[in-house]
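Residue numbers (full-length UniProt numbering): 1 to 298.
What follows is a short report on a single structure.
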C-alpha cells in the first residue's frame with residue numbers, strides 16, 4: 001500500500017481553507033515560515049514549528065506550578081478540590097465504580113495507545129495518507145514531555161488512598177496524565193477526521209464525541225479519587241494549548257506546501273522563464289505567497 005505525504009483534500013475543513021490566515025498573528029507566523037523555508041522544506045517548517053511550540057509547552061507546564069501554589073493556599077479554584085472529591089465519594093457504588101474504572105483504563109498507558117493505533121490504522125487504510133501518523137506522533141511526543149515535566153517538577157501528592165477506588169496509583173498527581181494525553185491524542189484524531197469529512201453533521205458529531213470523551217476521561221479521574229479537580233483542569237488546559245500548536249504547525253506546512261506547488265506550476269507553464277528546464281530562473285512565488293495565498297479577507 002502506497003501512502004501519500006499530502007493530499008489537496010487535507011487543506012480544508014468544510015469551506016474553511018486552512019492555508020488562509022485571517023488574523024495578524026497568523027499572517028506574522030506565515031511570514032516567519034516563508035523566511036524559514038529558504039533554508040528548509042515544508043516538512044522542515046512543520047518540524048521546526050512543533051519543536052519551538054513543544055519547548056514553549058513544556059515551559060508552560062513548568063509555569064503551571066502557580067496553580068499548585070493556589071492549591072496549597074486553598075484559595076481560588078483550588079478550593080473546589082476537597083468538596084468535589086467528597087461529593088464524588090458520596091456518589092459511588094460498586095457497579096458505578098467498576099464501570100468508571102473500565103472507562104478510565106481506556107485512557108491509561110495501555111489503553112490509549114491501543115485505541116489510538118486502531119483509529120490510526122482505520123484512517124490510514126481509508127485515506128492512504130501519512131498525515132494522521134505524523135501529526136499523532138508529534139502530538140504524542142509533546143504530550144509525554146509535558147506530563148513528565150509537570151509530574152517531576154511539581155510532585156504533587158494524589159488524594160488519600162482511603163478516598164480512592166482501587167487499583168491505587170502512586171505517581172505524582174499534577175497534572176493528570178490521563179486527561180492531558182486524551183485531550184491531545186483524541187483532539188488530533190478529531191482534527192484529522194475533520195479534514196476528510198464533507199458533511200457538517202458528521203464533523204459536528206465527531207467534535208461532540210471527542211469532547212465528551214475527553215471531558216468524561218478527566219472527570220473519571222476525580223470520581224475515582226486518583227486526581228484532584230485542579231489536576232484535571234490543568235490537564236485540559238495544557239492539552240488544548242499543545243493541540244493548538246500541532247494544528248498551527250500543520251497549517252503552516254499546508255501553506256508552504258501550496259506555495260511550493262504553485263511555484264512549480266508557474267515555472268513549468270508555457271512561456272514562463274523556467275519552462276522546459278533549460279536556462280530558467282527560480283520563480284519568486286514562494287517569497288510572494290504570504291500575500292497571494294493568504295489574502296486579508298474574512
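Glycine included, every Cβ here is placed at the ideal spot set by N, Cα and C.
Where residue i sits in the DSSP three-state scheme
| i | result |
| --- | --- |
| residue 128 | coil |
| residue 12 | strand |
| residue 190 | helix |
| residue 242 | helix |
| residue 169 | coil |
| residue 228 | coil |
| residue 155 | coil |
| residue 61 | helix |
| residue 213 | helix |
| residue 143 | helix |
| residue 268 | helix |
| residue 109 | coil |
| residue 94 | helix |
| residue 180 | helix |
| residue 25 | helix |
| residue 80 | helix |
| residue 276 | Confidence in residue 276 is poor, its pLDDT being 46 and thus under 50, which makes the residue's placement too unreliable to answer from. |
| residue 197 | coil |
| residue 223 | helix |
| residue 35 | helix |
Proximity below 7 Å, CB of residue i to CB of residue j
| i | j | result |
| --- | --- | --- |
| residue 256 | residue 117 | no |
| residue 175 | residue 234 | yes |
| residue 188 | residue 136 | yes |
| residue 146 | residue 238 | yes |
| residue 50 | residue 138 | yes |
| residue 228 | residue 97 | no |
| residue 54 | residue 142 | yes |
| residue 149 | residue 58 | yes |
| residue 192 | residue 210 | no |
| residue 108 | residue 165 | no |
| residue 132 | residue 144 | no |
| residue 184 | residue 242 | yes |
| residue 171 | residue 156 | no |
| residue 104 | residue 182 | no |
| residue 218 | residue 208 | no |
| residue 11 | residue 197 | no |
| residue 240 | residue 13 | no |
Closer than 7 Å to chain C by CB, residue i
| i | result |
| --- | --- |
| residue 99 | Here there is only one protein chain, and chain C is not present. |
For residue i, the residue or residues it bridges with in DSSP
| i | result |
| --- | --- |
| residue 17 | 12 |
Whole-number beta carbon distance between residue j and residue i, since they are thought to touch under 8 Å
| i | j | result |
| --- | --- | --- |
| residue 299 | residue 84 | The structure shown does not extend to residue 299, since the chain is modelled only from 1 to 298, so the question has no answer here. |
| residue 251 | residue 19 | 7 Å |
| residue 186 | residue 214 | 6 Å |
| residue 248 | residue 29 | 7 Å |
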